[in-house]
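Have a look at the structure below, then the notes.
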Amino acid sequence: MTFAKFFGLGFTLAVLAAAAKILFLNVLNPESGAVLYGFWFFMVLFTVACVRRLGVIQYLEASLVIITWFGIIMVVDLIVVAPVAGIRVFTTLNIWIANLIILASIWLFHKKRHVQIRKEHAKHSAHH
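Numbered by our numbering, the letters in the sequence shown go through residues 643 to 770 in order.
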């Protein structure tokens with residue numbers, strides 16, 4: 643994982659999440675269950691797409707990703723989403739749930755180092 647990839651993917655995720663939040667708050671009906679679950683689904687999808695591109699990382703590195711990317715998302719929400727969608731981005735429970743879903747998705751779906759090591763050992767054992 644390089645510095646550019648780490649921050650580049652963090653900003654990519656923040657921009658994708660910001661666009662989805664603006665769409666959710668300003669265009670779609672946030673009271674609709676289908677819209678809400680679709681919004682959360684896309685948050686997971688965007689997060690998995692970004693975090694898997696980091697490559698194989700350890701849980702400590704995943705924790706660093708969670709903290710840093712959450713900070714980036716909050717800054718983008720403050721600078722981009724709040725002026726467009728209003729303060730609702732910080733007061734709507736479903737948006738905070740979406741942020742928690744993003745953090746949980748990073749933790750659950752990153753490429754885990756111990757899984758990669760097991761695969762390498764299994765591949766090495768199969769050749770003997």
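C-beta: ideal position from N, C-alpha, C; glycine also. Note that this is a predicted model, so its numbers are computed, not measured.
Euclidean distance between Cα positions of residue i and residue j
i	j	result
I714	S767	43 Å
Reduced DSSP category for residue i - H, G, I as helix; E, B as strand; rest coil
i	result
I699	strand
Proximity of residue i and residue j at Cβ, strictly below 8 Å
i	j	result
A724	N668	no
N741	P672	no
K753	V698	yes
F684	A662	yes
L655	T689	yes
A660	V722	yes
R760	Q700	no
I748	V707	yes
Residues of its chain near residue i, where Cβ-Cβ distance is below 7 Å and the 5 sequence neighbours each way are ignored
i	result
L651	C692, R695 and L696
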